[in-house]
Structures are given as C-alpha cells and as structure tokens.
Amino acid sequence: MKIVLKSLLAIGFITFATSAFAQFDKIEEAIEDGNYKRVEKLALDYLEEQAMRKYPETYYYYAEALLENSKDPLYWDKNPEAIKEAVKALEKGLRKDEDKRVIAGFEDVLEGVVKRNNELAMDQYNINKLSKAGVMFDDSYALNGSRFAYYMAGKCALEFEDTLKGEEHYSQLITWYNQDLADEKTDTEKDLDPHTYFINKYWKKLQYDSAKYFIKNARSIFGNDAKVNFYQTKVTLDQVKDMPPSLLLLDYVQEALLYAPLDDKLLHKENAVYIYLVKNKIVNKQYADADSLINRFVNEKVAKSSMANADKLKEVDVFIEKKPENVLWDIAEYFQTYGHFETAKYTLDKYILATAKSNTPADIATRWGIITDYTYQTKKLPFATFVLQQAIAKYPSDKSLTDLRKKIITQKENERLDVNEQGALYSLIKDEYAVTKNSENLERIIKINDRYLGLLVSANRFTSAKEIMAEQMVLAPEADHTYRQEFIAREDFYQNYYLTKTIGKDQAGNLAVSFVWNGSLSGCDAGELDLDIQNKVANRINYFRRNAGVPEVLFDAATNEFCQKAALMMTANKALEHNPPRTWRCFSDDGAYAAKHSLLIKDANTSLAVTYIMDDKNPSAGNRRWLLYPNGRVYGHGSTENVAVIWALDDSGSTDTTQYMDNPVCWPPKGDVPQLMLFQNWTFSIYRDLTDAKVEVKQDGKIINTKVEKFVRGYGAPTLVFAPEINKTALPDKSKFDVTVTLSNGRKYSYTVRTFYYDPSKR
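Numbers given in my numbering equal positions in the sequence shown, counted from 1, plus 5.
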C-alpha cells in the first residue's frame, strides 16, 4: 500500500510541475511582449495559489514586474512601495531557492532591484533619515552582497551614533579591500571612507601611530590619493608638534614630504630639525655626527634642486641649491643670522674648505680673503662682519683684513643703521679697541654703544640692551652709567608693563582698549583671544622674567587654546580646580590637561592676572616662583571675563640650572625698578639649601624690619620669601635697598635694588 501511494504522489508531482511551468510560460510570453503589468497580475495570481508559492520563480517574476513597472512615473506615483515589495519578493524567493540555482537566471533582476533600492536608500540618507536608509541598505546587502550597500549601512550607523555596528562594517570592508589587494582584484567596489574614519578616530585620540597605520594601509590600496596625503600631513604635524628634535622626528617629517613635497610647514619643520640637530652636535663637540647630518642635509637639498617642482620648492625652502657648497654657505648665513655662532663658524669653515683651490694653507688663506671681500660687497653688514671676524681670528696679522675692518668702521659709524647693523658695527669697533687700546677708540665705542642701546630699546629688545649695558660698564668702569641703566628700566617698564594694560587709562588719559571675552557659557564656547591680547600677556610675563634674570618664554597656539578651554571650565563652574571632575559643566580633556599645568587666577584676566601672580601674598609665593622658573620655555594663556589661566608649569627649556647656584633670581630684581613693582613679598631663588637662611635689608643705609617666611620646597626653583616693612606711598623719588641673604652654612649673597618713581605722563 505504501509503495502504491508513493508512486501516485510522484505522478502527481510531475503532473503539477508540468502545470506550473506552463503557467510560467504565460509570464515569459508577457515579458516578451513587454507587458509587465500582465506579468505582475499573473505573478500575484500565482502567489494566491498555495502550490505556486513553493516555487522561487513566482517571487522572482513578481519582483521583475515590480522593478520594470516602477520605471513608469505614473505607476510609481501610485505604487511608491513597489521596490520595497520587490525586495521582499526576492528575499522570499531566495529562501525557497535553497541551492541558488534558479536565481542564476534572474541575476539582472536581482541587480536591478538592488541598484534601485540603493538609490532610494540614498534619497533617505540625503534627507537625514539615517535609520530608514540603513535598513534599506542592509536589505540590499542581504540580497546580493552589494559592497556599496554594506558600506552605506555602516556609514548610516556611524552617523546615527551606532558606533559598534558602524565600526564593524568599516573594519570588514578594510579586510575585504586587503584581500582584494592580495588576490590582485582591481574591479571590486572600494571607498576611502572606512580608512579616513579610523584615521580621524585615532588622530583625535592622539594615537598617531594607529592613525598612520591606516594611512599606510589606505595608500597601499588607493595609491597616491590626495585625501590620504592630506591626512598624512596633518597627522604628522600633530605627532611631531611636541616631540623633541630627533632623527625619528626627521624620519616622520620626510615620510610625509614624499607625498606633500610643497607643504611649507613640513619643509620648515624638516629644516628646523636638521638645524637643531646640527647645532646640538657641534655644541657638544660631536663633530663626526655633525658632519654626517650636514652632508645628508646638503645632499638632499641638491637633489631637490633637480625635481620638477624645484622652482616652487625654492619659494618655500631657501636652502635648495644646485651646488653643495652653496647650501653650506646658506647654512652658515642662517646660523649667524639667528645667533648660533659656533655652528655658523663650523659650517663657514666647511664652506671655505669646499671652495678653496686646494687644502694647502696658502689656498685656504686666499679663499678667506676673497670671500671676506665678497661678503662685504654683497651681503648685509651683520653677516659680512661675522665672516670678517672669523677671517681675522684665523689670520690676525693679515693687513688686508684689518684694513677692511677699519674701512667698514670709518664708512659706517656716521651712517643711519638699523639695529642689527649697528650691533655689527659695535662688535667691529670693540674688536679694534681690544687690539689698539686707543682711548679715542674707547670714546667711539661708547658713542656707538649709546646709539645701539637706543635702537635696541626702540626695538623692544631689552635682554640685549641689558647685555650691552653690562659690556659698557666693563669697558668704561669709571664712567657714571646711572642714567643709562635707569633709562633702560623706565623704557622696559613703559613698553612691556604699562602699555600691556587691558584696563585703566593710557598715557594720554584715554581708557585702554579693554579685553572683552567673546565666548559663551550657554554653548560652552571658549572663545578666542586676539593676538594683540596674547602679546600683551606674553610681554608682561617676559618683563618680569627678563628683569628677574631668567630667559624669556614663548606662547604656543595650541597651549593657548587649551588654557582658554580651562578658563571656560573655571568660569562655568565658578571655581578654580587643578583637577576638575568630568561632571563639571563645559568639561573638556584639553581644558583639564591645561588646568593641571597652569596658574589659575580669579577676579582678574589677561595681563592684570600676571601682576596678580607676581603679587603673590602666599607665604610660599608659589605662583610667582613658577612664573619665574628658570627652565620654563613654552607658556600659554587663556582668559574669560573674570578668570585667567596661565600655563607656567613648564620644564622644556634648555637652561642649565647650575648657573643659578650663585646667580640668584630675585624680585624685586637687582638694579633699577619702578616703585610700583615693590610687592609685599620679596623673593630670592637659588639652587642652594635655604633652610634657616637669614635676610638683612637696608633702605638707604638703614636696616629695616624684615619678616622671613619658613623655607618651603617645591614650586619651581628653591625660594626664600621675605617681607621688608616699607611704605611704598611714603618712599622718596629714588631709594636704594641693599639686600644680604646669609645661608645656614655662612655663604652670603648681596645685591642692590634701586627704585624710582614713575610718572608715565612725564615720559
């Protein structure tokens, strides 16, 4: 009985299949006639029959009909869900098409539906309906594995902040791209976005090596792509921004330059690293390493002169030359211009050896004579003077060289020179006097010195002015230098303290251009500070540092930005905190980082905050100590209406603190200072043990009571804080304070503070 039944079922199945294929023939006839409305009707009718619903063809034909009919605008207006229905039909058909044999005959339908579904999904994406677009792209990918659909589904997820799904898609795409590369497939769909997403992600997280991994991978797949080049430049510049100069940093920069050879920032960074490394090697007498670096630098610049874009490169890179010796000449001139004299001497010697007829002493001496005269005829006086001085140092008895020195002095001493030219002339006549010891030359030196001092003061170069003043005091120890010293102190105070006000009145009685914060608490907008404001703050900080006897500092744009974000946080939360919690309003990682490294001031901003820091009434004077820290180099500043943040916990300078073991940093400083700068607390910083140190202060020869605070370690350099009992309002126009600090081991340090009354209206 079972055998009979099985036979009957088999006969019935064959009969039904034959009937089904006859039905599909009707659809094929309609397709041949181009009558897809009939195809749709027939397919719908078949879908009503339970037996026909078992066949994948039924669904495939229905999807084909929907696809073709939707091309008619009138049909589409009435059936806007047609493609959605086609997708569903294909999905059902594929489930029934277990071995996927039937779909092979409908590939064009499948591709057509996916293409149209992707277009409709893009329409949704473009109107920011990301969730709906993502679902539609997922459907397309499920139908035929469309990489574009898979990519767009990931993109929608990321923009919808579904990071997990988005990153999973983008990671898979990159895996496919790499497999295609390994299999040498060149005709597959690829998009750069997955790579740029991960590059951006790791770039923003400061994980530069990870970002560069994706840059390198993208380059292997997409080649020399402009967007990849852009990212390599930006990531590299950020990566090396805070790196100390090194060969590794140089490698990073030069790798980026391969793809952005005209980028001015990269070119300048490359040169800056070379210059620093060469200078450092020469200063440390590592001449073999210096020669290796110089040769590498020279060879690279000569090679660039033969590149197709050499003319454009030379507009940015002044060191590019066709001849190696000309590169050496440019290096020597650069080092001299920027005050790296030992390195300038070294590279100048290499240039002479490279251009002399031979290495014989006679030919080398001849070359020195030729180049000295050439430099005077063609170059600016500072460099010409430098070359002449090096030649005379090597050949002091060469009359032609010493005659040239006399000639330059005679020609230039009555000319109107700029500050650098005047400095060169001053150094020449000083050399002449060292040889002749002629009193007439001494008078000329003092005259030229005074002119040079005036130019330095006008150029706001007070550190150099103080150095030249010190030299003048050595050259003419019997002369009265009081007027010149006070002149420098008055002008420094006027230019770098008085004119840096952002509140109050100027010399003419007009209100100073006040600072107005352009940020906003409502939007957590930190705002930006004008360069003029930042310069005023930097100038006031450097006024105090310079007069206290420590190196000046620079402001860094990125550090300023971090400080501005920190100032916003302090303002928004009405509190000062070096370790702000993440729960704070307007919290940012950048601002929190700045807060840890900065001095925080409330109820004052911009340059006034600098004065608040210096007028530190805390017994340890911690804020002032950090502001005057000898090894500080890069500072920053941010301000709102009532808060200032000054990044001063910096240790990036190259100062050797041993020089401050016997040369104290003081405020008020040694020498001349306006009475206004006599704050309540006086400080004496030195790298010695100040425990139990004693202080004696005499005002115009009379000992005055002085309170000495207990020595507190930390806060920059070791510092003694003391407070003489003085009444600033009752001081005479000029006073002299003699200070003696005695350490517990008996060592004494003495210095004199000379104060004067300053009235800007009588300047």
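We put the CB at the ideal spot given by N, CA and C, even for glycine.
Taking a cut-off of 8 Å on C-beta distances, the segment 173-192 touches the segment 156-163, as three or more cross pairs fall below it. Counting C-beta atoms within 10 angstroms of its own C-beta, T241 has 16 or more neighbours from the protein chains shown and is therefore classed as buried.
At a Cβ-Cβ threshold of 9 Å, I397 and Y351 do not count as neighbours. Every alpha helix (DSSP H) stretch that sits fully inside the segment 354-431 and reaches 4 residues is listed by chain position as 366-383, 386-399 and 404-417. The C-alpha of N540 lies about 30 Å from the C-alpha of I336. Listed as beta-bridge partners of R456 by DSSP are no residues whatsoever.
Under the DSSP assignment, H642 falls in the beta strand (DSSP E) whose first and last residues are V639 to S644.
A distance of 9 Å or more separates the beta carbons of N205 and A223. Non-local beta-carbon contacts of R410 in its own chain, meaning distances under 8 Å to residues more than five positions away in sequence, involve L393, I397, L433, D436 and E437 in chain order. Apart from sequence neighbours up to five positions away, the residues of its chain that approach D656 with a beta-carbon distance below 6 Å are N636, ordered along the chain.
Assignment of alpha helix (DSSP H) within the segment 219-256, counting only whole runs of 4 or more residues, yields 231-246 in chain order. Counting along the chain, K703 sits inside no alpha helix (DSSP H); it lies in the beta strand (DSSP E) bounded by residues K699 to Q704. DSSP places P729 inside the beta strand (DSSP E), whose first and last residues are T724 to P729. The Cβ neighbour count for A614, taken over all protein chains shown within 10 Å, is at least 16; the residue is labelled buried. At least 9 Å separates the beta-carbon of A187 from that of A154. Its chain contains F684 as the residues whose beta carbon lies nearer than 6 Å to that of D620, once the 5 sequence neighbours on both sides are disregarded; these appear in chain order. In the three-state scheme derived from DSSP, where H, G and I count as helix and E and B as strand, R759 is classed as strand. When DSSP reads this structure, P679 sits in a beta bridge with F761. Residue environment: V479 is assigned as exposed (fewer than 16 neighbouring CB atoms within 10 Å of its CB, all protein chains considered). Taking C-alpha positions only, L178 is separated from N229 by approximately 20 Å. In this structure, M574 is the residue among Y598, K601 and M574 with its C-alpha nearest to the C-alpha of T588. Assignment of F742 by DSSP, reduced to helix, strand and coil, places it in the strand class. Of the candidates L262, V233 and I280, the residue whose Cα lies closest to the Cα of S251 is I280. Taking all protein chains shown into account, Q427 has 16 or more neighbouring C-beta atoms within 10 Å of its C-beta and is therefore buried. Two segments are said to touch when three or more pairs of C-beta atoms, one from each, lie closer than 8 Å; by this definition the segment 657-677 does not touch the segment 520-536.
Looking only at R590, L271, P723 and A577, the smallest Cα-Cα distance to F235 is reached by L271. Between M57 and Y51 a beta carbon distance of about 4 Å is seen, short of the 8 Å cut, so the two are scored as contacting. Shortest Cα-Cα distance from D38 to any of A87, G528, K195 and E73 involves E73.
Put simply, of V321, E420 and Y356 the residue whose alpha carbon is nearest the alpha carbon of W334 is Y356.
Within the same chain, and ignoring the five residues on either side of P673 in sequence, the residues whose Cβ sits closer than 8 Å to its Cβ are M682, L683, F684, W687, F742, V758 and T760.
The C-alpha of G110 is placed about 23 Å away from the C-alpha of E54. Relative to E330, the option among Q341, L358 and V323 whose CA is nearest is L358.
In the DSSP assignment, D530 is bridged to S525. Distance from the Cα of I36 is smallest, within the candidate group L71, Y60, P61 and K59, for L71.
For the pair S519 and S310, the Cα-to-Cα distance works out to about 51 Å. Here the C-alpha atom of R545 lies approximately 39 Å from the C-alpha atom of L262.
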